[in-house]
Structures are given as structure tokens and as C-alpha cells.
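Going down the list, the sequences are from chains A and B. End of the first sequence = 97 in the numbering used here, gap-free, step of one. End of the second sequence = 116 in the numbering used here, gap-free, step of one. We treat Cβ as the ideally placed atom computed from N, Cα and C, and that holds for glycine. Since this is a predicted model, take the numbers as computed values, not measurements.
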Amino acid sequence: QKEVEQNSGPLSVPEGAIASLNCTYSDRGSQSFFWYRQYSGKSPELIMSIYSNGDKEDGRFTAQLNKASQYVSLLIRDSQPSDSATYLCAVPGDSGAGSYQLTFGKGTKLSVIP
Amino acid sequence: DGGITQSPKYLFRKEGQNVTLSCEQNLNHDAMYWYRQDPGQGLRLIYYSQIVNDFQKGDIAEGYSVSREKKESFPLTVTSAQKNPTAFYLCASTKTSGGYNEQFFGPGTRLTVL
């Protein structure tokens, strides 16, 4: 059973600062990683996918993957109050019949203080 | 517009009743999933289906049933055997070609037992 660990938070950052969210995973064979944003009372929204070591940037968001250390992080630059949400990390499930499943972490709650 | 729809948005169930949650997608995705989310908790997989007329139990399938008669539709029935069904139910789908596992979510159904 794959495990995905996230600090539950809450993580509080001032507006305009960089928010850093971290996720560790148990399976060294994982090849793809996803970050979802979930506003309170809403469904998760995919915001970043990363498949290879290094950084991937999309606007104010940067995903960083380090397979050797088995962690993936999400940086949010110039944090805005609208970024306040719970961020879920997800990795693929086991290979075979369940290869298209995802295992989700419990999420980190981010609060951006104006 | 392509997407995933879930209905109803809110559902109230009396003790001993079966209720069915609808999930429809027009993304031409092969795989569909049902998750349950409890307050402050992560996503737990109930059932998934990778092709029509086939589905597999997830981690918490007891008290739930599904069908997959059409590619676009994956309804979930919460039976009276599910002792604590009050939760937020999320349907998701993914393509199974191209080697990627990106899942996209519907808006969710919030079920409350009266």
C-alpha cells in the first residue's frame, strides 16, 4: 500500500510571500505526481503534474520533484488570499489492475494572511 | 463544455434507505472513480471502473454498489448497509491512454443521513 505524507498544517503565510508545501511518498517506483487544490466545500482541482526530476513552473506555481529523496514540493510565489485552500498531493497507485488509481495525501491547509 | 457532472448537489437520506448518486462525464475517459471524503480527512477510494461492465472494489466498498453500463456514466448506490454514510462524495475520471494518470473531479454530492 503506497503512502503519501503531508503536513496537515495549517500553514500560514503573509500575502506576497512564498508558500512551500511538501509531500513525501513511499514507493520509489512512482513516476508521476500531482498537486490538487481544494477550496472549502468544493471538489479538488488539478493544478500541477510533474513527471521528471527537477522543477516545473506554471505561472506562480512551481512543482519540484526529487525522486532520490522521495519528495515532491509545491511552491506558490506571491501568495494571494485566494490561494487559501487545502493542497492535496497524489501519486499513482500500484501497477497492474489499479495502475490508473491515485493515492492521495490528507492535504495541507494553507492560509494566506492579507 | 467537457466535464464531469454529479447530481444531486445535496442529498438527505433517512435511516434504512438506499440512495443513488449520479456521475456523468463527456470527456471520453475510460476510467471512473468514486471517493468519499470526511471532514478533515483525505480521499478514500470506494469503487473504480476502467472499462464498461467492469468495476473493482476500492478501500472502503462495504455498503456501496456501482454499475458501469455506459462509458459516460458511473452511478453509486449507498445502501442501508453503510452505517455511517454522511460524507462528501466525489466522482473522478481519467484517460487510460498516453501513460498519464491525471484525474479530474466532478463537483461532488454532499450526503447527510437524517
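To the nearest angstrom, how far is it from the Cα of GLN14/A to the Cα of ILE1/A?
-> So the alpha carbons of these two residues sit roughly 27 Å apart.
Put GLY24/A into one of helix, strand or coil per three-state DSSP.
-> DSSP places GLY24/A in coil when its eight states are reduced to three.
Kindly list, in the order they appear in chain B, the residues whose Cβ is closer than 9 Å to that of PRO(-7)/A.
-> Simply none; closest approach about 11 Å.
Indicate whether THR86/A and TYR70/A have their beta-carbon atoms separated by less than 8 Å.
-> Contact flag unset, no.
Among SER67/B, THR88/B, ASN103/B and SER82/B, the one whose alpha carbon lies nearest that of SER24/B | Cα-wise, what sits closest to SER24/B is SER67/B.
Tell me whether SER26/A is buried or exposed, calling it buried when 16 or more other Cβ atoms sit within 10 Å of its Cβ.
-> Answer is buried; the Cβ neighbour count reaches 16.
Using the beta-carbon count (16 or more within 10 Å), is ILE6/B buried or exposed?
-> The residue in question, ILE6/B, is buried, as its Cβ has 16 or more Cβ neighbours within 10 Å.
Just the C-alpha distance for TYR22/A and ARG11/A, rounded to the nearest angstrom, thanks.
-> Spanning the two alpha carbons is a distance of roughly 30 Å.
Can you say whether SER56/A is buried or exposed, counting buried as having 16 or more other CB atoms within 10 angstroms of its CB?
-> The residue is buried, with at least 16 neighbouring Cβ atoms inside 10 Å.
Given a cut-off of 8 Å, decide if ALA46/A and MET31/A are closer than it, judged by their beta-carbon atoms.
-> Taking 8 Å as the Cβ cut-off, MET31/A and ALA46/A qualify as a contacting pair.
For ARG20/A, is the classification buried or exposed, using 16 other Cβ atoms within 10 angstroms of its Cβ as the cut-off for buried?
-> Around the Cβ of ARG20/A, a 10 Å sphere holds 16 or more other Cβ atoms; the residue is buried.
Just the C-alpha distance for ALA80/A and ILE53/B, rounded to the nearest angstrom, thanks.
-> Annotation note: pLDDT 48 at ALA80/A (below 50); position unreliable, no value reported.
Going by C-alpha distance, which of MET34/B, ALA33/B and LEU113/B is nearest THR81/B?
-> With distances taken between CA atoms, THR81/B lies nearest to LEU113/B out of MET34/B, ALA33/B and LEU113/B.
Name the one or two DSSP bridge partners that VAL68/B has.
-> Partner(s): LEU78/B.
Helix, strand or coil at SER65/A [DSSP, three-state] | Looking at SER65/A - three-state DSSP - the assignment turns out to be helix.
What runs of the beta strand (DSSP E), each 3 residues or longer, lie entirely inside the stretch 5 to 50 of chain B?
-> Those beta strand (DSSP E) runs which fall completely within the stretch 5 to 50 of chain B and span 3+ residues are 6 to 9, 12 to 15, 21 to 27 and 33 to 39.
Could you tell me whether the stretch 85 to 92 of chain B touches the stretch 34 to 49 of chain B, using the rule of 3 or more Cβ pairs below 8 Å?
-> At 8 Å Cβ cutoff, the stretches touch.
Cβ atoms of GLY(-1)/A and ASP61/A: under 8 Å apart, would you say?
-> Result yes, Cβ atoms of ASP61/A and GLY(-1)/A sit closer than 8 Å.
Listed by chain order, chain A residues near ALA33/B by CB distance under 8 Å | Those are TYR83, listed as they occur along chain A.
Can you tell me whether GLN84/B is buried or exposed, with buried defined as 16 or more other CB within 10 angstroms of its CB?
-> Classification of GLN84/B: buried, given that the 10 Å Cβ count is 16 or more.
Could you check which residue in ILE62/B, PHE14/B, GLY110/B and VAL21/B has the C-alpha nearest to that of ARG46/B?
-> The shortest Cα separation from ARG46/B among ILE62/B, PHE14/B, GLY110/B and VAL21/B belongs to ILE62/B.
For GLN105/B, count neighbouring Cβ atoms within 10 angstroms of its own Cβ and tell me buried if that reaches 16, exposed if not.
-> Answer is buried; the Cβ neighbour count reaches 16.
Give a yes or no on whether the C-beta atoms belonging to THR79/B and PRO10/B are separated by under 8 Å.
-> No, these two residues do not count as a Cβ contact at 8 Å.
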